[in-house]
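The next block holds one structure in the form of structure tokens; read it before the comments.
Chains as they are written, first to last, in this note's numbering: chain A, 26 to 340; chain B, 1249 to 1427; chain C, 4 to 738.
Below, the structure is given as structure tokens:
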């Protein structure tokens, strides 16, 4: 028998850490989604798909701008010292993933705006002729477009990775403490973004391509999750205890049902059948993928806070 | 440069919480929050039991993840004895430092900044002991410069068996428990 | 005069709390505190010496006032009791000032007794009301019809008032409900009681045995400080307790005794020491009386016999006896403090004293020193009137060794209920919560309902206040002068209590209340001093000491005196034989066992466990649960139940349950502490929680009250103490 009791009773700390709620989950999801969007859109631009005026690369940046702003609003809502958010921009702390993130977020905006400026509605050009000149300039050479595409992909990837590193750098929470986490969040961001763009894309060919890409992302994500679990299970006791929260503990039902089954495996099956023309494309699978991505963030944020080191001294 | 730390004798500690009360009064810790606390650990089967009682708080780690993760530079290592402190006026309340601490030593002050044990820096800079130590009726707590081999804390670590908490987390805590 | 309902009373009571809450928690320590009118003290840090009142230990303290508001209280380094360090309650003493439940105004009851409905009155009205009734009672029934109860030094002035009034009925539950048995047990054996603070020289001991005493959970400051030194010196500790207490975790030997069987163990220890020739033969032959009879008596208590009773392995009994004997005379069995357990407590204390006698440790360094006291004459008051009738609490002195100064509160309660030997018409209670201090609350309520006048003076609305006709709000110790502290200890000293801040509302100090009441009772000749400082000055100067120095330093130390044989002290056993009485002719004369006998304790009925209670280090009895700082440490108690029992009942750690006792009384809901740290035949909880007074709104019904469950008690034949660990409880699941 082992008894370890302590007299501390701090709000949001005891009995289990609970400092981050839905806001952080939403923020991480939207950050991942935007990251995926920027990578896919950047890829489209980089590979010269801008020639097709219906390319979703013209639409995605606008949606991404809205999504990242919602994400930042969500993050802002979580801050306890809301009026002091600017303090993050008075400094750059290279050891702090959150500081990196704050600055990456700041870079996301100009990149997305440049993306948006590639092609604006005709009415805007009418009212603001200068904008047309900018668009014309951006589209004037292949290398400019390739640079924009490349930068979008790099910044998107940075954003996607950062959302994972943010958590995995917090070694005090064993369940976050895996270098697989950024790969998982990046992949999940890509699969959610592919699913989303798949929903809004106007070209049949693009939709098919995105569905196929999404299937690859989902397969990859599934593999990453399995590797993440294996990584924990073959680690030390603290990490084994932590991963048990997902495997058999408090969070296992939501993890296996909503994240793995409904968020990855079943939409993957649906989309595999769809791309093989066994069934028609519907909105169901993409929505399931996105919800799966959101719930993944919720589960990881909550279960990660529940995972902890033990101050136990007697073995 | 000095490296301040605590060496706490678990053989003497009775877990009376005087340290907790003193901290509260000295530092005006708001109701419902603790900067320090007592852990009571028991193992075995009745009546063959062993017990350890510890007065716990921020470990003022040499490798402090709470400082590394702070995006604002609010969490920092002070000039004075390597004490880990928070600039309240730089903190944005992002709570990363709270998540980063394996000891759960930090909390959000109701006024919106991260808070924790400061080793009573305002007292130690005047040459006084931290409040928790100054009241302890069992004299189980010692404070001093761990880098000075002549200090009482160093000498206790020299001659007594000791451990620190969660060494595997790699934070290099600077509070030691004598057993 | 306006009438207030209980709700309104609560509103009044919580007004400052609400104010503090809107300001925010940061300022809760000191909001509203004002320094005693002294302009030059308003700015900066000022330190005022005083002594603590969070328990009866009376540690010297220094309060710090910052910019005119109370900040903190620390130990006074000059004080031999605190050595500059207070216990957690003392450190949290500032919370006594800011306690949101504090009584604010004098109250007169408007509803039925116990209904907690009041009207606010002026002091003049309240004291006039009391005086009218007391005068009437005196005229009709004589002054003996009034009983005064007090706990702590704050009661001195009112105690004096009631002695002047003419009643012999002065009570304190600290004897018959607490430490009385050990005083009697030791006095019968060595001719001297233990006294308070205890005369135990823990710091120099090489081996100490604790019988159920949970030092470290009870924070008697000097004792805990000395314990730590003993541990540092490598002293070995033997703990005898059904519960693996904090100190058990530091013990070389932990003896998980079956509750109620201690005498079997103690005699077995004596048996081993005698059989193995480990006892102090010189001491016993020079100073022992009736040793042969004792040898004969304990010869039957072999370790094997004790094993069957106590459940402690014979080898452990032998080893622990040897451990004690090895270090003699610097080894001892601690007499304990709250020792009213099973009704044979004075005899158990005698059994403890007798093993100590075998160790020859009386007056020895590392065991029992001889306390010394500062000689400060009492104030030159006129003689008290002689009582015209014998005391009613102990008619015919049935309990021959009952204490005269502290009386038998349950005895006077019986007299109040029955009207025999004569009617008791009034209780005046100062700072002792009789509802929780005495066993069987129903009897206390029955007695109160027989009274013409029930008065309580206290700082917080305790349960007994709720049953009173008049409630007088007292200033806390931080707001008043009090009588001098002249405790017997290792060095003579005198300490002063002085006000740090002024009372926030209409509270008054006890000396003011006593003096004002004396005016209304026509007893002004008993209060010849003009103000309290005159009184204190007169006393301290009559001892040849400086009042100014005392006020400045808080403590004046006397010169060192011998307290050990090692210092050249000589024995003086004040027993009838002049020796240490292994066999007590006094007891034999009264038809009581001259040598303690072990009596088998009652077994719990099936499914029931014995209810044991004790303390937590951050609370004193039931008086501190509403203190905002201490409440923040522990705000409700838990019931300790062995893991196996918890599992058998399908419960988990942290579940809420209720306890039902053998008489069907059900407790308030209480959290289960599922633990290995207790036997399976008993449960344990900290005393003082589960408050039933609604006016203690911040702690009302938090945790369970052992006092509610203690409906039965066994009265000690020697001294009338009430053994309270004789109740059995069973688990009631909370839906």
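Note that beta-carbon positions come from the ideal geometry of N, C-alpha and C, so glycine has one too.
None of the values given here were measured: they were computed from a predicted structure.
Inset, instruction - Please decide whether residue 1300 (chain B) counts as near chain C, where near means a Cβ-Cβ distance under 9 angstroms. - result: Here residue 1300 (chain B) corresponds to residue number 52 of the second chain, with the count starting at 1. So yes, residue 1300 (chain B) belongs to the interface.
Inset, instruction - Could you say if the region 162-176 of chain A and the region 90-106 of chain A meet the contact criterion of at least three C-beta pairs nearer than 8 angstroms? - result: no
Legend entry - Three-state secondary structure (DSSP) of residue 146 (chain C): Start at 1 with the first residue of the third chain, and residue 146 (chain C) comes out as number 143. Residue 146 (chain C) falls in the helix class under three-state DSSP.
Inset, instruction - Please compile the residues from chain A whose C-beta is within a distance smaller than 7 angstroms of the C-beta of residue 1290 (chain B). - result: Translated into positions along the second chain, residue 1290 (chain B) becomes position 42. 28, listed in chain order.
Legend entry - Continuous alpha helix (DSSP H) stretch holding residue 235 (chain C): start and end: Locating residue 235 (chain C) in the third chain gives position 232, counting from the first residue. Looking at the DSSP string, the run of the alpha helix (DSSP H) that includes residue 235 (chain C) is 224-235.
Inset, instruction - Answer yes if the region 663-673 of chain C comes into contact with the region 682-701 of chain C, meaning at least three C-beta pairs across the two stretches below 8 angstroms, and no otherwise. - result: yes
Inset, instruction - Step through the CB atoms of chain C and report whether any lies within less than 9 angstroms of the CB of residue 1378 (chain B). - result: For the purposes of this step, residue 1378 (chain B) is identified with residue 130 of the second chain, where counting begins at 1. For residue 1378 (chain B), the answer is no, since every Cβ of chain C falls outside 9 angstroms of its Cβ.
Legend entry - Cβ neighbours of residue 192 (chain C) in the same chain (closer than 7 angstroms, five flanking residues each side left out): Here the question's residue 192 (chain C) lines up with position 189 in the third chain. Result list for residue 192 (chain C): 353, 356, 357, 360, 583 and 584, in chain order.
Inset, instruction - Report yes if the C-beta distance between residue 203 (chain A) and residue 54 (chain A) is below 9 angstroms; otherwise report no. - result: What you label residue 203 (chain A) is simply residue 178 of the first chain in a count that begins at 1. What you label residue 54 (chain A) is simply residue 29 of the first chain in a count that begins at 1. The answer is no: Cβ separation not under 9 angstroms.
Inset, instruction - Evaluate contact between the region 104-113 of chain C and the region 504-520 of chain C, counting only Cβ atoms and requiring at least three cross-stretch pairs below 8 angstroms. - result: yes
Legend entry - Chain-order list of residues whose beta-carbon lies under 6 angstroms from that of residue 202 (chain C) (same chain, five-residue window excluded): Numbered from 1 along the third chain, position 199 holds the residue referred to as residue 202 (chain C). Taken in chain order, the residues that qualify are 371, 372 and 374.
Inset, instruction - Check the Cβ of residue 45 (chain A) against every Cβ in chain F and list those closer than 8 angstroms, keeping chain order. - result: Judged by its chain identifiers, the structure shown contains no chain F, and its protein chains are A, B and C.
Legend entry - Runs of beta strand (DSSP E) lying entirely within the region 481-506 of chain C, each at least 3 residues, in chain order: 496-498
Inset, instruction - Quick one: residues in its chain with C-beta nearer than 6 angstroms to the C-beta of residue 722 (chain C), no 5 flanking neighbours on either side, listed in chain order? - result: Walking along the third chain from the start, residue 722 (chain C) turns up at place 719. Closer than 6 angstroms at the Cβ level, and outside the excluded window around residue 722 (chain C), lie 183, 187, 349, 402, 404 and 405.
Legend entry - Beta-ladder partner(s) of residue 461 (chain C), from DSSP: The count along the third chain starts at 1 and reaches residue 461 (chain C) at position 458. BP columns for residue 461 (chain C) point to C:476.
Inset, instruction - Kindly indicate if chain B contains any beta-carbon less than 9 angstroms away from that of residue 224 (chain C). - result: Sequence index remark: in the third chain, residue 224 (chain C) carries index 221 (1-based). It does; some Cβ of chain B falls within 9 angstroms.
Inset, instruction - State the beta-bridge partners of residue 1299 (chain B) as determined by DSSP. - result: Residue mapping note: residue 1299 (chain B) aligns to position 51 of the second chain, counting from 1. Residue 1299 (chain B) is bridged to B:1290.
Inset, instruction - Please list, in chain order, all residues of the same chain as residue 599 (chain C) whose beta carbon is under 6 angstroms from its beta carbon, the five residues on each side excluded. - result: For the purposes of this step, residue 599 (chain C) is taken as the residue at position 596 of the third chain. So the list reads 266, 350, 353 and 354, once near-sequence residues are dropped.
Inset, instruction - Quick one: using the 10 Å Cβ neighbour count with 16 as the cut-off for buried, is residue 43 (chain A) buried or exposed? - result: Here residue 43 (chain A) is taken as the residue at index 18 of the first chain, counted from 1. Exposed: under 16 other Cβ atoms inside 10 Å.
Inset, instruction - Would you mind listing the beta strand (DSSP E) stretches within the region 665-695 of chain C that are 3+ residues and don't spill past its ends, in chain order? - result: 673-678 and 685-689
Inset, instruction - Using beta-carbon positions only, say whether residue 399 (chain C) and residue 415 (chain C) come within less than 9 angstroms of one another. - result: Within the third chain, the letter at position 396 stands for residue 399 (chain C). Within the third chain, the letter at position 412 stands for residue 415 (chain C). The answer is no: Cβ separation not under 9 angstroms.
Inset, instruction - Report the rounded CA-to-CA distance for residue 173 (chain A) versus residue 161 (chain A), giving the unit in angstroms. - result: Here residue 173 (chain A) refers to the residue found at position 148 of the first chain. Here residue 161 (chain A) refers to the residue found at position 136 of the first chain. Between residue 173 (chain A) and residue 161 (chain A), the C-alpha separation is close to 14 angstroms.
Inset, instruction - Could you have a look at residue 50 (chain C) and say whether DSSP puts it in helix, strand or coil? - result: Counting from 1 along the third chain, the entry for residue 50 (chain C) is found at position 47. Strand at residue 50 (chain C).
Legend entry - Through-space distance from residue 1389 (chain B) to residue 1377 (chain B), alpha-carbon basis: Numbered from its first residue, the second chain carries residue 1377 (chain B) at position 129. Numbered from its first residue, the second chain carries residue 1389 (chain B) at position 141. In a straight line, the C-alpha of residue 1377 (chain B) is about 10 angstroms away from that of residue 1389 (chain B).
Legend entry - Interfacial residues, the region 658-680 of chain C to chain A, with Cβ spacing under 7 angstroms: 678 and 679
Inset, instruction - Would you mind reading off the limits of the beta strand (DSSP E) that contains residue 1253 (chain B)? - result: Taking the second chain and counting its residues from 1, one reaches residue 1253 (chain B) at position 5. Its beta strand (DSSP E) spans residues 1252-1257.
Legend entry - Cβ pair residue 680 (chain C), residue 1297 (chain B) closer than 9 angstroms: Residue mapping note: residue 680 (chain C) aligns to position 677 of the third chain, counting from 1. Residue mapping note: residue 1297 (chain B) aligns to position 49 of the second chain, counting from 1. In this structure, residue 1297 (chain B) lies closer than 9 angstroms to residue 680 (chain C) by Cβ.
Legend entry - chain B within 9 angstroms of residue 281 (chain A), Cβ atoms only: Position 256 of the first chain, counting from 1, holds the residue named residue 281 (chain A). No, residue 281 (chain A) does not count as interfacial toward chain B.
Legend entry - Bridge partner(s) assigned by DSSP for residue 67 (chain C): Position 64 of the third chain holds residue 67 (chain C). Beta-bridge pairing links residue 67 (chain C) to C:50 and C:75.
Legend entry - Within-9 angstroms CB hit, residue 652 (chain C) to chain A: Translated into the one-based positions of the third chain, residue 652 (chain C) becomes position 649. By this cut-off, residue 652 (chain C) is not an interface position.
Legend entry - Backbone secondary structure at residue 436 (chain C) - three-state DSSP: As a working note, residue 436 (chain C) is residue 433 in the third chain. Residue state, collapsed to three classes: coil.
Legend entry - C-beta neighbour in chain A for residue 646 (chain C), strict 9 angstroms: The sequence position of residue 646 (chain C) within the third chain is 643, counting from 1. With 9 angstroms as the cut-off, residue 646 (chain C) counts as an interface residue toward chain A.
Inset, instruction - Give the DSSP-derived three-state secondary structure of residue 150 (chain A) in the structure shown. - result: Here residue 150 (chain A) refers to the residue found at position 125 when the first chain is read from its first residue. In the structure shown, residue 150 (chain A) sits in a helix (DSSP, three-state: H, G or I).
Inset, instruction - Starting from the beta carbon of residue 1280 (chain B), find every residue of chain A whose beta carbon is closer than 9 angstroms, and list them in chain order. - result: As a first step, residue 1280 (chain B) must be located in the second chain, where it is residue number 32. Neighbours of residue 1280 (chain B) on chain A, chain order: 34, 35 and 36.
Inset, instruction - Report yes or no: do three or more beta-carbon pairs, one from the region 74-81 of chain C and one from the region 552-564 of chain C, lie closer than 8 angstroms? - result: yes
Legend entry - residue 544 (chain C) - DSSP class collapsed to helix/strand/coil: Here residue 544 (chain C) is taken as the residue at index 541 of the third chain, counted from 1. Reduced to three states, the DSSP call for residue 544 (chain C) is helix.
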